[in-house]
Amino acid sequence: MGKALIIGAGGVGNVVVHKCCQNPDVFEEILIASRTKSKCDALKEKLDGGRTRIQTAQVNADDAKEVARLINDFRPDVVINVALPYQDLAIMDACLETGVHYLDTANYEPPETAKFEYKWQWAYHDRFKEKGITAVLGCGFDPGVTGVFCAYALKHYFDEIHYIDILDANAGDHGYPFATNFNPEINIREVTAKGRYYEDGQWKETEPLSVKRVYDFPQIGPKNIYLLYHEELESLAKNVPGIKRIRFWMTFSDSYLTHLKVLENVGMTSIKPILFEGKEIIPLQFLKAVLPDPASLGPRTKGKTNIGCIMQGVKDGKPVKYYVYNVCDHQEAYAEVGSQAISYTTGVPAMIGAMMIIKGIWKKPGVYNVEEFDPDPFMEELNKQGLPWYEDFAPALLD
Ligand code: NDP
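Under this note's numbering, the first residue of the sequence shown is numbered 8, with each subsequent residue one higher.
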């Protein structure tokens, strides 16, 4: 039925490729392209022989012309961008040039500023619309499923949602004193940035990791959670009518935070270039090189993630509370696709989003965030594709 070009063969790319191959009626053919071709070839070797035909290619996705040439050779229906956020604009340029739909899981940030915002990608809206192609932004779990959860709640249970708390808990233990469970550069920058949330029409800033609560998560128990800024807050604050407050919370273990503090104190998380033995290096990139590769955590990580949204609002004039969440087991994910739950919970929604595009269910020329599409077919697929969700109409709330 369809063809997908998958760019990036890291932790998330691995899951996307596995899940596309599990759905050969939708993904007849895929091309896996990344900076290091041997990683694409290794995936092909693992999965060849099924009904999905697999090709591989080397690509520098910072170069829009190179990506456009690849698209023109392969002619996919959709490009699934699971490289790094730095490549988003070059890949969107290539999609525009070739007239092919686009999907990603993280918003663009210029490498030199490390400031992630949707403004650069939203600026492509009119050009995508004129070209008759769709860009789906932020289609992982968070951002991604969290936005779909909000759209689903709004469609079925609320007239207006006033308060949203997005809760991202990882109770997985990989046994290392310190490791990040996805790209360390992106992860550490996200965590060390100032906290920010939206309230009464304004953005409010907090010192990094200074706002803490304890939440008793279904299936994983009580955890410390910290207020962070996360990219879906920007689009949801814009797209959920009547919203009064939206916040994002993530769990961190005490050990993780202690290591992070030390690394920060000695300058290892800095993105300012320094001279090392006559050569310019970026400390955070060097740190990435010495930390365990997130892809290697799969076999070691035990425990579960729980990611979901707690919402409060009104329906027919009556107050409504609603919590919707997914629980994903690291070892079950690993047994199925060879990646831990963080990559799994990102790669499965990316595949489902591409499926929505190929099937013509999510079809709207322009650039959109996931909550701007019909959530029902996506929610149905989550249950079928390994990310079942649960509902609670009387959840504990956060003050
Ligand atoms: P990895 O670092 O494991 O993988 C990134 C892949 O992209 C690697 O294969 C890398 O190649 C490739 N790549 C990097 N630069 C280029 C380039 N210039 N040209 C071609 N390929 C390139 O990251 P993850 O798989 O963990 O994450 C992938 C994306 O998913 C990131 O954008 C991340 O922010 C996002 N993400 C989103 C989440 C969500 O819930 N929405 C959660 C987790 C991640 P090489 O192998 O040579 O390094």
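By construction, the Cβ of each residue, glycine as well, lies at the ideal position given by its N, Cα and C atoms.
In three-state terms, what does DSSP make of V85?
If DSSP states are grouped into helix, strand and coil, V85 belongs with the strands.
Whole-angstrom distance between Q292 and I140, CA atom to CA atom
Cα to Cα, the separation comes out at about 35 angstroms.
Three or more beta-carbon pairs under 8 angstroms between the segment 356-373 and the segment 82-92, yes or no?
As far as the Cβ criterion goes, the segment 356-373 touches the segment 82-92, which means the pair count is three or higher.
With a 10 Å radius around its C-beta and 16 neighbouring C-beta atoms as the bar for buried, classify Y5 as buried or exposed.
Any question about residue 5 goes unanswered here, given that the chain covers just 8 to 406.
What does a CB cutoff of less than 7 angstroms around I61 pick up in its chain, not counting 5 residues either side in sequence?
The answer, listed in chain order, is I37, I39, K51, L54 and D55.
Three-pair Cβ contact test at 8 angstroms for the segment 125-145 versus the segment 301-319:
With contact defined as three or more Cβ pairs closer than 8 angstroms, the segment 125-145 and the segment 301-319 are not in contact.
Determine the direct distance from the alpha carbon of A11 to that of C102, and round the result to whole angstroms.
Rounded to the nearest angstrom, the two C-alpha atoms are 12 angstroms apart.
Does the beta-carbon of V221 have 16 or more other beta-carbons within 10 angstroms, so that it is buried, or is it exposed?
exposed
Assigned exposure category for D172 - 16 Cβ within 10 Å defines buried
buried
On the three-state DSSP scale, how would you describe A142?
strand
Between E35, V355, F34 and T43, which has its C-alpha nearest G15's C-alpha?
Of the listed residues, the one whose Cα sits closest to G15 is T43.
For ligand 1, is there any heavy atom lying closer than 7 angstroms to the beta carbon of V24?
no
Which ranges does the beta strand (DSSP E) cover as unbroken runs of at least 3 residues, wholly within the segment 173-225, from first to last along the chain?
202-206, 209-213 and 219-224
Using a Cβ-based criterion (distance less than 7 angstroms to any ligand heavy atom), does A340 qualify as near ligand 1?
no
N- and C-terminal bounds of the beta strand (DSSP E) containing F255:
R252 to T258
Measure from the alpha carbon of A178 to the alpha carbon of each residue in F400, F385, N313 and C28, then state which is nearest.
N313
Could you pull out every residue in the same chain whose Cβ sits closer than 7 angstroms to the Cβ of E73, ignoring the five residues on either side in sequence?
V66 and N67
Give the straight-line distance between the Cα atoms of E388 and D133, rounded to the nearest whole angstrom.
One alpha carbon belongs to E388, the other to D133, and they sit about 30 angstroms apart.
Of all the options K371, Y170, D100 and K126, which has the alpha carbon lying nearest to the alpha carbon of A75?
D100
If you scan the segment 99-153 from start to end, which runs of the alpha helix (DSSP H) of 4 or more residues do you find wholly inside it?
126-129 and 132-138
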